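Report on the structure given below.
2 protein chains.
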Amino acid sequence: MAESPTIRFGILGCADIARKVSRAINLSLNSTLHAIGSRSIDKARRYAEANGFHPSTKIYGSYDEVLDDPDVDAVYVPLPTSLHLHWATRAAEKKKHVLLEKPTALNVAELDAILGACDKNGVQFMDGTMWMHHPRTSKMAEFLADQQQFGHLKSIQTAFSFAADNDFLENDIRVKPDLDALGALGDAGWYCIRASLWAVDYELPKFVTALRNPVKNKAGVILSCGASLHWEDGKIATFYCSFLSNLTMDITAIGTKGTLHVNDFIIPYKENDASYRTVSEAWFTDMDLEWNKKPSEHIVNSDLPQEVLMVKEFSTLVDGIKRHGSPPDKKWPMITRKTQLIIDGVMASIDKGFEPVEVS
Amino acid sequence: MAESPTIRFGILGCADIARKVSRAINLSLNSTLHAIGSRSIDKARRYAEANGFHPSTKIYGSYDEVLDDPDVDAVYVPLPTSLHLHWATRAAEKKKHVLLEKPTALNVAELDAILGACDKNGVQFMDGTMWMHHPRTSKMAEFLADQQQFGHLKSIQTAFSFAADNDFLENDIRVKPDLDALGALGDAGWYCIRASLWAVDYELPKFVTALRNPVKNKAGVILSCGASLHWEDGKIATFYCSFLSNLTMDITAIGTKGTLHVNDFIIPYKENDASYRTVSEAWFTDMDLEWNKKPSEHIVNSDLPQEVLMVKEFSTLVDGIKRHGSPPDKKWPMITRKTQLIIDGVMASIDKGFEPVEVS
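If you read the protein sequences in the order shown, they are chains A and B.
Heads up, the first sequence is in the UniProt record's numbering, so the first residue is 1 and it goes up one at a time.
Heads up, the second sequence is in the UniProt record's numbering, so the first residue is 1 and it goes up one at a time.
And the structure:
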């Protein structure tokens with residue numbers, strides 16, 4: 001491969017989310033969209049045209065052609081989850097760096113095969129969890145790590161729901177057992193679980209317990225569910241995820257000394273600025289009439305949207321490997337694996353009649 | 001008893017919370033503080049003086065003297081929970097209307113004895129859950145009842161925690177098994193449970209399940225716990241309550257069409273205005289780059305603090321009984337009983353190893 005500071009992406013498939021990521025690839029100064037492949041070359045052509053891809057973008061009628069293109073450095077894989085094992089592994093074997101949509105696999109065994117292939121072939125792996133890359137996220141993490149302002153985390157409650165329409169509930173890949181068997185848990189729950197892990201600096205809980213009576217469709221795919229995560233020291237996380245209720249994306253993290261609130265953690269209300277609220281050592285005025293302080297709102301501006309920052313970070317890592325012989329970063333795959341482990345635990349808890357399931 | 005539009009209160013005991021409620025009794029135009037009794041008349045005298053009680057306020061060296069005072073219409077009972085059965089029942093038998101602090105009893109059997117005594121003696125019962133009386137609460141309820149704006153409730157997450165200091169954790173009645181055996185569940189969890197019931201117009205859940213591993217003190221009193229409430233139609237509530245983490249009081253209610261957020265539901269940040277946020281039919285802009293709308297903040301002004309409105313409402317009901325022969329209101333005791341039923345269910349679930357417990 002030629003030495004270049006610009007990472008050339010290939011995209012596998014014409015998923016809706018690839019519109020946002022292809023825009024991000026073009027907005028990030030260290031990457032460019034080189035190719036897109038679909039099982040139908042006509043579909044790929046129409047997709048490229050509809051989304052204003054540069055005329056030089058290669059259009060392929062198969063995923064393999066993308067992987068066989070020597071000018072493709074990295075692939076973005078937004079295929080249905082059931083196809084991740086095959087195509088992410090194959091991409092790694094073709095020495096393509098892998099930016100993989102979430103949920104990254106149907107279970108951690110599959111993910112381990114993907115990560116093993118990336119490891120063996122010296123390619124970078126990262127999942128497509130965009131909010132991790134917003135500068136707000138690191139500012140919030142600073143607050144959670146501040147022993148004076150936040151203390152030790154005791155509880156984190158998260159929610160991600162959106163009210164899918166009938167077309168989604170009938171036809172979307174996320175409700176099809178053969179395509180995305182994890183349903184709302186893999187799609188929406190992924191973010192809640194990630195947020196819970198993020199808030200504790202990725203310490204794994206000791207066990208997880210699914211909340212009773214998840215809602216499933218006729219094919220058995222989860223449309224709505226929840227779970228609690230329990231850490232050795234008593235920290236607890238609960239989450240609710242759903243395709244069946246109004247768009248909501250909340251984190252409430254409560255520490256011994258402080259509280260963090262954010263209500264748009266996955267996709268900020270606005271692209272260029274995002275906010276969160278904190279309060280430390282809140283108490284009451286005399287006779288408990290009022291609070292002694294109100295939470296403060298913190299606004300974090302971002303020149304680039306979070307998905308661009310994601311692509312930029314991924315491309316920087318790939319560039320380090322390509323041009324400087326750096327080893328692939330291990331943090332991102334570790335975070336992915338822990339998230340997938342919890343997903344597995346929640347699924348196992350549901351299967352075991354909502355018994356607690358140890359995570360390790 | 002003399003006919004009078006002003007309801008004369010007696011207070012049993014010198015609890016801290018009685019400072020706030022005695023102020024409320026004096027601020028409410030249809031009530032007045034007539035007497036206070038303590039087991040120690042010196043303590044009662046000091047308390048009356050420290051809190052600026054009117055010199056005409058009767059000071060008694062026992063609770064019975066308050067109940068025997070024919071000029072006392074109603075009593076406010078902020079005694080430790082273990083004393084509620086005895087004193088609230090006795091007050092009712094003395095034909096005193098009863099405003100009872102929460103948790104109202106150690107279990108629903110005790111509460112039923114209290115409610116039975118009130119019923120038999122034709123006196124009004126109300127618990128001391130102040131936020132129910134804030135005009136914000138009814139505005140929020142309007143939103144939750146709005147089929148166009150909110151739709152059907154799917155999930156409610158609530159939290160109430162405060163970081164008690166060492167003195168509280170050693171000495172407060174709420175950590176003593178013989179005084180307030182329900183601990184944080186009865187004190188802080190009460191509000192979360194009430195909010196969950198309020199949000200569904202007091203429909204009882206089918207079953208409740210305690211979250212695993214509540215934190216208890218050496219005496220076995222709960223310092224921190226949580227639970228999930230499950231309704232027949234799939235609605236779910238989860239809550240977290242604690243004496244061990246920073247002051248937080250949240251409701252997040254998610255419906256099929258709308259979301260409600262409030263972060264100071266129990267005691268508003270400020271006495272005279274309180275706010276909440278709603279958003280309806282939120283979705284994304286093209287490519288899921290941003291939200292199509294941000295939540296709206298709604299500010300509700302209140303001329304009188306919520307505890308004054310509570311006393312006023314209670315006194316109005318008492319006045320109706322006294323002067324107009326109205327029957328006691330049944331809504332308030334019903335709400336109390338359902339709250340206590342859930343408390344019992346959560347305690348039972350903890351005792352049964354976190355199994356679900358039916359509520360009926």
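Even glycine gets a Cβ: it sits at the ideal position worked out from N, Cα and C.
Please read these numbers as outputs of a predicted model, since none were measured by experiment.
1. Going along the chain, which residues of its own chain have a beta-carbon closer than 8 Å to the beta-carbon of Glu3(B), five neighbours each way excluded?
2. May I ask which residues mark the beginning and end of the alpha helix (DSSP H) holding Gln340(A)?
3. Can you tell me whether DSSP reads Ser22(A) as helix, strand or coil?
4. Give the residues of chain A in contact with Trp283(B), contact being defined as C-beta atoms less than 7 Å apart.
5. Where does Asn107(A) sit, in a helix, a strand or coil, going by DSSP?
6. Measuring CB to CB, does Ala210(A) end up less than 8 Å from Ser349(A)?
7. Lys352(A) CB to nearest chain B CB: under 8 Å?
8. Helix, strand or coil, according to DSSP, for Arg212(A) in the structure here?
9. How big is the Cα-Cα spacing for Asp223(B) and Leu244(B)?
10. Alpha carbons only, please: which of Ile193(A), Thr259(A), Tyr191(A) and Ser228(A) is nearest the one belonging to Phe207(A)?
11. Candidates Ala253(A), Ala274(A) and Glu203(A): which alpha carbon is nearest Leu341(A)'s?
12. Rounded to the nearest angstrom, what separates Pro78(A) and Glu65(A) at their Cα positions?
13. Go through the stretch 63-129 of chain B residue by residue and report every complete run of the beta strand (DSSP E) that reaches 3 residues or more, in order.
14. Look at Gly134(B) and Ala253(B) and say whether their C-beta atoms are less than 8 Å apart.
15. Check whether the Cβ atoms of Val357(A) and Asp73(A) lie closer than 8 Å to each other.
16. Using a 10 Å radius around the Cβ and a threshold of 16 neighbouring Cβ atoms, would you call Pro70(A) buried or exposed?
17. Classify Asp127(B): buried if its beta carbon has 16 or more other beta carbons within 10 angstroms, exposed otherwise.
18. Comparing the C-beta of Gly345(A) with each C-beta of chain B, is any distance below 8 Å?
19. I need the straight-line Cα distance from Ala163(A) to Ser242(A), nearest angstrom please.
20. For Met1(B) and Thr316(B), what's the separation of their Cα atoms in angstroms?
21. List, in order along the chain, the chain A residues whose C-beta lies closer than 8 Å to that of Asn213(B)?
22. So Gln157(B) is in the beta strand (DSSP E); what residue range does that whole segment cover?
23. Note down, in chain order, every chain A residue with its Cβ under 8 Å from the Cβ of Ser196(B).
24. Assign Gly13(A) to one of three DSSP states: helix, strand, or coil.
25. Helix, strand or coil, according to DSSP, for Val359(A) in the structure here?
26. Per DSSP, Ser224(B) forms a beta bridge with which residues?
27. Should Thr278(B) be labelled buried (16 or more other beta-carbon atoms within 10 Å of its own) or exposed?
28. Along the alpha helix (DSSP H) that carries Lys293(A), what are the first and last residues, could you check?
29. Could you give the DSSP three-state label for Trp207(A): helix, strand or coil?
30. Cα-Cα, which of Cys14(B), Ala24(B), Gly10(B) and Pro55(B) is closest to Ala35(B)?
31. Which residues in chain A have a C-beta closer than 8 Å to the C-beta of Gln157(B)? List them in chain order.
32. Going by DSSP, what residues sit across from Asn301(A) in a beta bridge?
33. Buried or exposed: Thr336(A), going by 16 or more other Cβ atoms within 10 Å of its Cβ?
34. Would you kindly check if the distance between the Cβ of Met140(B) and the Cβ of Val262(B) is under 8 Å?
35. Quick one: list the residues of chain B neighbouring His261(A), beta-carbon separation under 9 Å, in chain order.
36. Spell out the partners DSSP gives Ala181(B) in its beta bridges.
So, from the listed chains and residues:
1. On the second sequence, residue 3(B) is found 3 positions in, with the first residue counted as 1. Any reading at Glu3(B) needs caution, since the residue's pLDDT is 48, under 50, leaving its predicted position unreliable; the model's value is listed next. Result list for Glu3(B): Lys322 and Arg323, in chain order.
2. Mapped onto the first sequence, residue 340(A) falls at position 340. Residue range Lys331 to Asp351 is occupied by the alpha helix (DSSP H) that includes Gln340(A).
3. Counting from 1 along the first sequence, the entry for residue 22(A) is found at position 22. In this structure, Ser22(A) counts as helix in the three-state DSSP scheme.
4. Counted from its first residue, the second sequence places residue 283(B) at position 283. Per Cβ cutoff of 7 Å: Leu247.
5. Looking up residue 107(A) in the first sequence gives position 107. Looking at Asn107(A) - three-state DSSP - the assignment turns out to be coil, as it is neither helix nor strand.
6. Against the first sequence, residue 210(A) aligns to sequence position 210. Against the first sequence, residue 349(A) aligns to sequence position 349. Closer than 8 Å, so yes.
7. Position 352 of the first sequence, counted from the start, is the residue given in the question as residue 352(A). So, not an interface residue.
8. The count along the first sequence starts at 1 and reaches residue 212(A) at position 212. Coil.
9. For the purposes of this step, residue 223(B) is taken as the residue at position 223 of the second sequence. For the purposes of this step, residue 244(B) is taken as the residue at position 244 of the second sequence. Checking the displayed sequence, the identity of residue 223(B) turns out to be Leu instead of Asp. Rounded to the nearest angstrom, the two C-alpha atoms are 7 Å apart.
10. Indexing the first sequence from 1 puts residue 207(A) at position 207. Residue Ser228(A) is the option with its Cα nearest to Phe207(A).
11. By one-based count along the first sequence, residue 341(A) stands at place 341. The option with the nearest alpha carbon to Leu341(A) is Glu203(A).
12. Mapped onto the first sequence, residue 78(A) falls at position 78. Mapped onto the first sequence, residue 65(A) falls at position 65. Going from the Cα of Pro78(A) to the Cα of Glu65(A) covers about 16 Å.
13. 74-77, 97-100 and 125-127
14. Within the second sequence, residue 134(B) is the residue found at index 134, counting from 1. Within the second sequence, residue 253(B) is the residue found at index 253, counting from 1. Reading off the sequence, residue 134(B) comes out as His, not Gly. Cβ atoms of His134(B) and Ala253(B): not closer than 8 Å.
15. Here the question's residue 357(A) lines up with position 357 in the first sequence. Here the question's residue 73(A) lines up with position 73 in the first sequence. No. Outside cutoff.
16. For the purposes of this step, residue 70(A) is taken as residue 70 along the first sequence, with counting starting at 1. The residue is exposed, with fewer than 16 neighbouring Cβ atoms inside 10 Å.
17. Counting from 1 along the second sequence, the entry for residue 127(B) is found at position 127. Around the beta carbon of Asp127(B), 16 or more other beta carbons lie within 10 angstroms, which makes this residue buried.
18. In the first sequence, counting from the first residue as 1, residue 345(A) sits at position 345. Not closer than 8 Å to any Cβ of chain B, the Cβ of Gly345(A) fails to qualify, so no.
19. As a first step, residue 163(A) is located in the first sequence; it is residue number 163 there, counting from the start. As a first step, residue 242(A) is located in the first sequence; it is residue number 242 there, counting from the start. Spanning the two alpha carbons is a distance of roughly 8 Å.
20. For this step, residue 1(B) is matched to residue 1 along the second sequence. For this step, residue 316(B) is matched to residue 316 along the second sequence. Model confidence at Met1(B) stands at a pLDDT of 42, short of 50, so the residue's coordinates are unreliable; what they give is reported in the following sentence. Going by the C-alpha atoms only, they are around 16 Å apart.
21. Counted from its first residue, the second sequence places residue 213(B) at position 213. Under the 8 Å cutoff, chain A gives His230, Gly234 and Ile236.
22. Translated into the one-based positions of the second sequence, residue 157(B) becomes position 157. Residues Leu153 to Ala163.
23. Residue 196(B) sits at position 196 when you count from the first residue of the second sequence. For Ser196(B), no chain A residue has a Cβ inside 8 Å of its Cβ, as the nearest lies near 13 Å away.
24. Numbered from its first residue, the first sequence carries residue 13(A) at position 13. Here Gly13(A) sits in coil by DSSP.
25. For the purposes of this step, residue 359(A) is identified with residue 359 of the first sequence, where counting begins at 1. Val359(A): coil per DSSP, three-state reduction.
26. Here residue 224(B) corresponds to residue number 224 of the second sequence, with the count starting at 1. DSSP lists Val215(B) and Ser242(B) as partners of Ser224(B).
27. Taking the first residue of the second sequence as 1, we reach residue 278(B) at position 278. Answer is buried; the Cβ neighbour count reaches 16.
28. Mapped onto the first sequence, residue 293(A) falls at position 293. No alpha helix (DSSP H) contains Lys293(A), which DSSP labels as neither H nor E.
29. Here residue 207(A) refers to the residue found at position 207 when the first sequence is read from its first residue. Checking the sequence shown, residue 207(A) turns out to be Phe, not Trp. Phe207(A): strand per DSSP, three-state reduction.
30. Residue 35(B) sits at position 35 when you count from the first residue of the second sequence. When only C-alpha atoms are compared, the closest one is Gly10(B).
31. In the second sequence, counting from the first residue as 1, residue 157(B) sits at position 157. Correct list: Gln157, Ala159, Thr238, Tyr240, Asp250 and Thr252.
32. Taking the first residue of the first sequence as 1, we reach residue 301(A) at position 301. For Asn301(A), the beta-bridge partners assigned by DSSP are Asp273(A).
33. Working through the first sequence from its first residue, we reach residue 336(A) at position 336. Counting Cβ neighbours within 10 Å, Thr336(A) comes out buried, since at least 16 surround it.
34. Counting from one through the second sequence, the residue named residue 262(B) turns up at place 262. Counting from one through the second sequence, the residue named residue 140(B) turns up at place 140. A contact, by the Cβ cut-off of 8 Å.
35. Residue numbering aside, residue 261(A) sits at position 261 when the first sequence is read from its first letter. Thr248, Asp250, His261 and Asn263, listed in chain order.
36. As a first step, residue 181(B) must be located in the second sequence, where it is residue number 181. In DSSP, Ala181(B) forms no bridge with anything.
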